Amino acid sequence: MLMKKRIIAPALVVLLLSAMLLTACGQNDTTTVAPNTTGNENAASAGKDIVSGPITINPNIPDTEVMDIGPNGEKAVSAKDLILTEEEIAKIKEGKYTAAIVMHYSGTDYMNAAVQAMQETFEQMGIKVVAVTDAQFKAEKQVNDIETVLAKKPDIMVSVPVDSVSTAPAYKKAVAQGVKLVFMDGGADGLVAGKDYISIVSGDNYGNGAVAADIMAEKLGGKGKVGLVFHDVNFFVTTNRSDAFKARIKEKYPEIEIVTQGGITDANKGEEVASAMLTRHPDLDGIFAPWDVPAEGVMSAARVAGRNDLIVTTVDLGTNVAISIASDGIVQGVGAQLPYDQGVAQSILAGYAILGKEAPAYVASPAVKVTKENVLDAWKLIYGVDAPATVQDAMK
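Right under this line is the structure:
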């Protein structure tokens with residue numbers, strides 16, 4: 001498969017991701033914001049060829065088997081199978097289409113990379129991004145975001161539903177308005193692939209949950225007591241991760257027992273739930289968290305409890321968990337998604353819709369196992385740039 005051209009030089013991408021992270025973290029009540037076009041302007045001023053060659057995801061991603069099953073039982077198609085040719089891109093550009101990106105939340109390394117990938121890829125396709133929103137993981141806010149965005153009359157909407165049921169009526173309004181809808185990580189209740197929306201793109205969440213279980217077992221020597229922090233909302237991908245972790249432990253590691261589980265509805269409640277687990281079960285050897293933000297809370301709880309020997313695994317390679325992995329800290333490994341390339345895949349599928357090209361109902365990028373042995377290489381594969389200096393220094 002031909003390699004897609006990255007639009008921005010690596011050094012510029014580092015600066016952009018840092019700027020986006022600071023901006024996102026500073027926004028407490030933002031619904032719709034103007035798209036970040038600075039990166040593409042910088043690329044042009046640097047003499048980079050923004051439109052060159054076909055668009056695909058990174059062919060250097062390993063050909064790992066995708067384990068995930070879609071929310072409606074769909075067999076996942078690898079994102080590596082997607083492509084837009086130069087001729088197809090030229091045809092899309094003629095339409096002068098617009099797009100809106102309606103996110104469930106923002107401000108993490110993962111979300112920044114995914115949004116930036118969509119912005120860059122849409123730019124390459126000649127599609128103008130007219131809005132980017134952050135629902136702060138609140139369904140009622142996302143409904144308002146969707147209605148605000150629809151007033152801009154976008155041709156395309158890429159969105160992550162906070163709750164598949166309560167947000168469904170708002171997405172149905174988008175469909176009725178003729179918007180070409182691509183979902184990220186899960187669909188909305190009652191909407192049908194190929195009819196109401198184009199496709200769902202995700203990481204291999206089941207595969208990543210299984211990878212996190214394998215790492216936990218390796219670090220524990222195949223036996224011990226563990227706790228599980230799960231996402232206690234109707235959110236397909238995080239449920240997949242926890243289900244996979246539990247199933248893998250049960251199937252492959254009979255001497256590891258999951259002795260306690262605790263749910264969170266707020267990503268920042270990981271510390272509170274983990275603290276309660278460690279109080280009730282002081283002999284816990286490890287804890288799984290569904291993604292990196294609650295895993296950071298588990299780290300804090302372990303430190304407060306004087307349990308620096310606790311083994312934590314999770315999904316998604318954020319900066320803080322990468323530092324922990326590199327320094328032999330509490331988080332020992334993750335199953336990682338590929339947010340940049342998933343963002344590219346979502347944009348490609350929007351192109352499929354414009355062209356009337358048949359699209360798979362469910363697309364997933366392969367799971368990536370990350371431990372200290374490969375954390376720096378994995379960061380570069382996942383984000384397309386070298387790991388931050390803080391992560392590199394932690395290796396030393």
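Under the UniProt record's numbering, the first residue of the sequence shown is numbered 1, with each subsequent residue one higher. Glycine included, every Cβ here is placed at the ideal spot set by N, Cα and C. None of the values given here were measured: they were computed from a predicted structure.
Less than 9 angstroms separating the beta-carbons of residue i and residue j?
i: alanine 99; j: isoleucine 156; result: yes
i: isoleucine 83; j: lysine 75; result: no
i: asparagine 308; j: alanine 302; result: yes
i: residue 398; j: tyrosine 206; result: Outside the shown range of the chain (1 to 396) lies residue 398, about which nothing can therefore be said.
i: isoleucine 200; j: tyrosine 362; result: yes
i: serine 327; j: aspartate 204; result: no
i: isoleucine 256; j: lysine 223; result: yes
i: isoleucine 101; j: valine 143; result: no
i: serine 324; j: alanine 378; result: no
i: alanine 114; j: glutamine 342; result: yes
i: isoleucine 127; j: lysine 219; result: no
i: methionine 216; j: phenylalanine 245; result: yes
i: tyrosine 340; j: tyrosine 383; result: yes
i: valine 293; j: glycine 263; result: no
i: valine 132; j: glutamine 119; result: yes
i: lysine 173; j: leucine 191; result: no
i: isoleucine 330; j: threonine 56; result: no
i: proline 282; j: glycine 186; result: no
i: glycine 297; j: valine 226; result: no
i: phenylalanine 137; j: tyrosine 105; result: yes
What is the DSSP secondary structure of residue i, counted as helix, strand or coil?
i: leucine 310; result: coil
i: residue 410; result: The structure shown has nothing for residue 410, since the chain only spans 1 to 396.
i: leucine 324; result: Sequence check: residue 324 is serine here, not leucine. Serine 324 falls in the helix class under three-state DSSP.
i: isoleucine 249; result: helix
i: methionine 395; result: helix
i: isoleucine 55; result: strand
i: isoleucine 89; result: helix
i: methionine 103; result: strand
i: alanine 389; result: helix
i: leucine 82; result: coil
i: leucine 228; result: strand
i: isoleucine 330; result: coil
i: valine 237; result: helix
i: isoleucine 61; result: coil
i: lysine 75; result: strand
i: valine 363; result: strand
i: isoleucine 382; result: helix
i: valine 66; result: coil
i: glycine 222; result: coil
i: glycine 356; result: coil
Taking residue i and residue j to be in contact with their CB atoms under 8 angstroms, please state how far apart those CB atoms are, rounded to whole angstroms.
i: glutamate 88; j: leucine 355; result: 6 angstroms
i: glutamine 337; j: methionine 184; result: Not confirmed; about 11 angstroms, so no contact.
i: methionine 103; j: alanine 135; result: 7 angstroms
i: alanine 212; j: alanine 188; result: Wrong, their Cβ atoms sit about 27 angstroms apart, outside the cutoff.
i: alanine 322; j: valine 375; result: 6 angstroms
i: lysine 369; j: glycine 318; result: Their Cβ separation, rounded to whole angstroms, is 16 angstroms, which puts lysine 369 and glycine 318 out of contact at 8 angstroms.
i: proline 161; j: valine 130; result: 20 angstroms between Cβ atoms; not a contact.
i: valine 229; j: valine 273; result: 5 angstroms
Can you tell me whether residue i is buried or exposed? The criterion is at least 16 other CB atoms within 10 Å of its CB, across all chains shown.
i: residue 397; result: Lying before the first or after the last residue shown, residue 397 is absent from the chain, which here runs from 1 to 396.
i: threonine 313; result: buried
i: asparagine 58; result: buried
i: alanine 389; result: exposed
i: aspartate 163; result: buried
i: lysine 180; result: buried
i: glutamine 332; result: buried
i: glycine 178; result: exposed
i: glutamate 94; result: exposed
i: glycine 107; result: buried
Which runs of the beta strand (DSSP E), 3 residues or longer, sit entirely within the segment 166 to 216? The qualifying runs are 180 to 184, 199 to 203.
Minimum length 3: unbroken beta strand (DSSP E) runs contained in the segment 253 to 315: Here the runs fully enclosed are 256 to 264, 286 to 288, 311 to 315.
To test your reading of the DSSP string, which unbroken beta strand (DSSP E) runs of 3 or more residues are found completely within the segment 97 to 164? Counting only runs of 3 or more, we get 98 to 103, 128 to 134, 156 to 159.
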